[in-house]
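There are 2 protein chains.
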Amino acid sequence: MQAAFDTSTDMITFGPQLSLRGVRMHFGRNAEIFGEGEDAEYIYRVVSGAVRTMRFTADGRRQILGFHLPGDIFGLEIGDAHTLSAEAVANCDVVMVRRSCLDKAASEDPAATRALLALTSEQLSTARAHALVLGRKGAGERVAAFLVELAGRFVSKQELDLPMSRADIADYLGLTIETVSRAFSEFEREHAIALPSSRHVVMRNPSALMHYQAA
Amino acid sequence: MQAAFDTSTDMITFGPQLSLRGVRMHFGRNAEIFGEGEDAEYIYRVVSGAVRTMRFTADGRRQILGFHLPGDIFGLEIGDAHTLSAEAVANCDVVMVRRSCLDKAASEDPAATRALLALTSEQLSTARAHALVLGRKGAGERVAAFLVELAGRFVSKQELDLPMSRADIADYLGLTIETVSRAFSEFEREHAIALPSSRHVVMRNPSALMHYQAA
DNA sequence: CTACGGCTACGTGTTGTTCCTTAAGCGTCC
DNA sequence: GGACGCTTAAGGAACAACACGTAGCCGTAG
């Protein structure tokens, strides 16, 4: 989902034919950007930092549905209300464009609607891949899949600076912090990765990770 | 996703403004309708019976992503290739419409593209709800959620005739057949459901199930 | 500036529970 | 009358829960 955007302009580019100017805003670590059920007044693009989108069970358990890195669009809804919540994982800058703006553009330009369709379709494919991980993979495989996926989205695919905590990773993968931590330790023991610090991952043997994830 | 279609005509209705005539076809139990990676030449609507869509891990583990009942549309892709596989759960009739037909209609009528967007968006929401179940719910909660979900899609919400096997349910919920079977037995013991036969479920105490699923 | 306490995040050992594995038996439908 | 689908039971493995120790980060006090 990351793309070759010029992150210095306050625009959201939906496709080759549609760019809309928005407002830039800053959110501090763990700040709520929008909540499930709220009016979906804006759509968002990450400029810097990282964002998590999530849903909750009635008794408060959290499932993180995705992490959004610079260039990624999130908060796109077709209905009136947000169907999930979004928070800043780390301090981040975000561009916001009014839904009314986007709806207007889409009603005037069929290509714009097609771009939205492509975007939604891509998110659907991502969600389905995630379901396979959650439903049919063991703990180690999930963490390996997470690292491989994230490495593919970062600029440098050799070293990752994780913006999110172990708790975030656990809630993304349907595990506990302890299990995630143990998986990291085991990958380090087997020289698949190095961990100079807990948030800094060096991909030492990516093919071993690829093999471990058993996709 | 089930709707008030007239299932006697060989049409797929995408929205208030778009209906396309297709070809009706029959698939026997467990027959493949399309496979992941194949050319997405058609889109499909269930007329009778039931269909499962799924993905596989490299070593053959299966994750069922959704069950499709009469009226439901499946196999809709934006790219060229199918990103998942589809099989008949039971003997079923399906209407197939050529992608080229749909693409032509969508390029002529912006409302058609909007209908496709709404459809894709709804599937995305369903997939995300499923991720919450897979990531953050225990075995009993998953089975309860499955029954509640399915009951909401059937015509009669009091009695369900399950078209799918315990193995299908297990692969949908990320469990084993034995665990699914035990959950059914426990719900019966607690008088939440009755099981006159293994595929016939009578909702005896729906609110108990609703409570058990802890959504 | 250093020292100290409080806070948060992370790692790891131990125990506990859930669910999977394996196996057997039973009913039902081709 | 097999083959298949479903249920049940016993044992084991994987992961969660709990507990504790440590490191880094702040603000404040000495």
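Sequences listed follow chains A and B, in order.
End of the first sequence sits at 215 in the numbering used here; the numbers just go up one at a time, nothing left out.
End of the second sequence sits at 430 in the numbering used here; the numbers just go up one at a time, nothing left out.
Glycine included, C-beta positions come from ideal geometry on N, C-alpha and C.
Computed from a prediction, not measured in an experiment: that's the story for all the values here.
Problem - Any 3 or more C-beta pairs closer than 8 angstroms across the stretch 126-136 of chain A and the stretch 197-204 of chain A - result: no
Problem - Ranges of the alpha helix (DSSP H) found wholly within the stretch 122-205 of chain A, counting only runs of at least 4 - result: 139-153, 166-173, 177-189
Exercise for the section: Find the nearest neighbour of residue 391(B) within the set 328(B), 369(B), 355(B), judged by alpha-carbon distance. Expected result: As a first step, residue 391(B) is located in the second sequence; it is residue number 176 there, counting from the start. The candidate whose alpha carbon is nearest that of residue 391(B) is 355(B).
Exercise for the section: For chain A, find out if any of its Cβ atoms is closer than 8 angstroms to the Cβ of residue 298(B); answer yes or no. Expected result: The count along the second sequence starts at 1 and reaches residue 298(B) at position 83. For residue 298(B), the answer is yes, since a Cβ of chain A falls inside 8 angstroms of its Cβ.
Exercise for the section: Using a threshold of 8 angstroms, state whether the C-beta atoms of residue 336(B) and residue 307(B) are closer than that. Expected result: As a first step, residue 336(B) must be located in the second sequence, where it is residue number 121. As a first step, residue 307(B) must be located in the second sequence, where it is residue number 92. The answer is no: Cβ separation not under 8 angstroms.
Problem - C-beta contact flag for residue 244(B) and residue 301(B) at 8 angstroms - result: As a working mapping, residue 244(B) is identified with position 29 in the second sequence. As a working mapping, residue 301(B) is identified with position 86 in the second sequence. Not a contact, by the Cβ cut-off of 8 angstroms.
Practice task
Compare the Cα-Cα distances from residue 224(B) to each of 412(B), 328(B), 235(B) and report the closest residue.
Solution key: The residue given as residue 224(B) occupies position 9 in the second sequence. It is 235(B) whose Cα lies nearest to the Cα of residue 224(B).
Practice task
Examine chain A for any beta-carbon lying closer than 8 angstroms to the beta-carbon of residue 328(B), and answer yes or no.
Solution key: Reading the second sequence from its first residue, position 113 is the one you call residue 328(B). It does: the Cβ of residue 328(B) has a partner Cβ on chain A nearer than 8 angstroms.
Problem - Option nearest residue 43(A) by Cα separation, candidates 84(A), 55(A), 17(A) - result: Walking along the first sequence from the start, residue 43(A) turns up at place 43. Ranking 84(A), 55(A), 17(A) by Cα distance to residue 43(A) puts 84(A) first.
Problem - Status (buried if at least 16 other CB within 10 Å, exposed otherwise) for residue 253(B) - result: Here the question's residue 253(B) lines up with position 38 in the second sequence. Its Cβ having fewer than 16 others within 10 Å, residue 253(B) is exposed.
Handout entry: Anticipated Cβ contact below 8 angstroms, residue 227(A) with residue 106(A), distance rounded
Key = Lying outside 1 to 215, the shown extent of chain A, residue 227(A) is not represented and no answer is given.
Practice task
Kindly give me the distance between the Cβ atoms of residue 227(A) and residue 82(A), rounded to whole angstroms, as I take these residues to be in contact under 8 angstroms.
Solution key: This structure gives no information on residue 227(A), because the portion of chain A shown stretches from 1 to 215.
Handout entry: Burial state of residue 267(B), where buried means 16 or more other Cβ atoms lie within 10 Å
Key = Residue mapping note: residue 267(B) aligns to position 52 of the second sequence, counting from 1. So residue 267(B) ends up on the buried side.
Handout entry: Same chain, Cβ closer than 7 angstroms to residue 376(B), neighbours up to 5 away in sequence not counted
Key = Residue mapping note: residue 376(B) aligns to position 161 of the second sequence, counting from 1. For residue 376(B), where only same-chain residues beyond five positions count, the Cβ hits under 7 angstroms are 414, 415.
Problem - Bounding residues of the beta strand (DSSP E) (the contiguous stretch that carries residue 302(B)) - result: Locating residue 302(B) in the second sequence gives position 87, where the first residue counts as 1. Element bounds for residue 302(B): 300-303.
Exercise for the section: Would you grab the beta carbon distance between residue 388(B) and residue 399(B) for me? Rounded to a whole angstrom, and I think it's under 8 angstroms. Expected result: As a first step, residue 388(B) is located in the second sequence; it is residue number 173 there, counting from the start. As a first step, residue 399(B) is located in the second sequence; it is residue number 184 there, counting from the start. At roughly 12 angstroms, the Cβ-Cβ gap does not stay under 8 angstroms, so residue 388(B) and residue 399(B) are not in contact.
Exercise for the section: Go through its chain and collect everything with a Cβ distance to residue 402(B)'s Cβ below 6 angstroms, but skip five positions before and after it. Expected result: For the purposes of this step, residue 402(B) is taken as the residue at position 187 of the second sequence. The residues are 408.
Practice task
Mind listing the chain A neighbours of residue 384(B)? Cutoff is C-beta to C-beta under 9 angstroms, in chain order.
Solution key: Translated into the one-based positions of the second sequence, residue 384(B) becomes position 169. Those within 9 angstroms of residue 384(B) in chain A number zero; the least Cβ separation is about 12 angstroms.
Practice task
Determine the contact status of residue 67(A) and residue 164(A), defining contact as a CB-CB distance below 8 angstroms.
Solution key: The sequence position of residue 67(A) within the first sequence is 67, counting from 1. The sequence position of residue 164(A) within the first sequence is 164, counting from 1. Yes.
Practice task
Taking only beta-carbon positions, decide if residue 223(A) is within less than 8 angstroms of chain B.
Solution key: Given that chain A is displayed from residue 1 to residue 215, the structure contains no residue 223(A) and the question cannot be resolved.
Problem - Continuous beta strand (DSSP E) stretch holding residue 99(A): start and end - result: Position 99 of the first sequence holds residue 99(A). Per DSSP, residue 99(A) belongs to no beta strand (DSSP E); it is in the alpha helix (DSSP H), 99-108.
Practice task
Would you decide whether residue 70(A) is buried or exposed? Buried here means 16 or more other CB atoms lie within 10 Å of its CB.
Solution key: For the purposes of this step, residue 70(A) is taken as residue 70 along the first sequence, with counting starting at 1. It is buried - the Cβ of residue 70(A) has at least 16 other Cβ atoms within 10 Å.
Exercise for the section: Examine chain B for any beta-carbon lying closer than 8 angstroms to the beta-carbon of residue 191(A), and answer yes or no. Expected result: Translated into positions along the first sequence, residue 191(A) becomes position 191. No, no contact with chain B.
Practice task
Please classify residue 382(B): is it buried, with 16 or more other beta-carbons within 10 angstroms of its beta-carbon, or exposed?
Solution key: Here residue 382(B) corresponds to residue number 167 of the second sequence, with the count starting at 1. Burial call: exposed.
Handout entry: Bridge partner(s) assigned by DSSP for residue 265(B)
Key = Taking the first residue of the second sequence as 1, we reach residue 265(B) at position 50. Beta-bridge pairing links residue 265(B) to no other residue.
Problem - DSSP beta-bridge partners of residue 247(B) - result: As a first step, residue 247(B) must be located in the second sequence, where it is residue number 32. Its beta-bridge partners are 302(B).
Problem - Proximity test, Cβ basis, 8 angstroms: residue 195(A) and chain B - result: Stepping through the first sequence from its first residue, residue 195(A) is reached at position 195. Closer than 8 angstroms: no.
Problem - As assigned by DSSP and simplified to three states, the class of residue 81(A) - result: Here residue 81(A) refers to the residue found at position 81 when the first sequence is read from its first residue. Strand, per DSSP.
Practice task
Between the Cα of residue 27(A) and those of 144(A), 96(A), 77(A), spot the shortest distance and give me the residue it belongs to.
Solution key: Taking the first residue of the first sequence as 1, we reach residue 27(A) at position 27. Closest option to residue 27(A), Cα to Cα, is 96(A).
Exercise for the section: To the nearest angstrom, report how far apart residue 294(B) and residue 15(A) are at their CA atoms. Expected result: Against the second sequence, residue 294(B) aligns to sequence position 79. Against the first sequence, residue 15(A) aligns to sequence position 15. Their Cα atoms are separated by approximately 15 angstroms.
Practice task
Name, please, each residue of chain B whose Cβ falls closer than 7 angstroms to the Cβ of residue 130(A).
Solution key: Within the first sequence, numbered from 1, the residue matching residue 130(A) stands at position 130. Within 7 angstroms Cβ-Cβ: 346.
Exercise for the section: Return the bridge partner residues of residue 278(B) from the DSSP annotation. Expected result: Taking the first residue of the second sequence as 1, we reach residue 278(B) at position 63. BP columns for residue 278(B) point to 270(B).
Practice task
Check the DSSP bridge columns for residue 19(A) and list the partner residues they point to.
Solution key: Numbered from its first residue, the first sequence carries residue 19(A) at position 19. Note: residue 19(A) sits in a beta bridge opposite 13(A).
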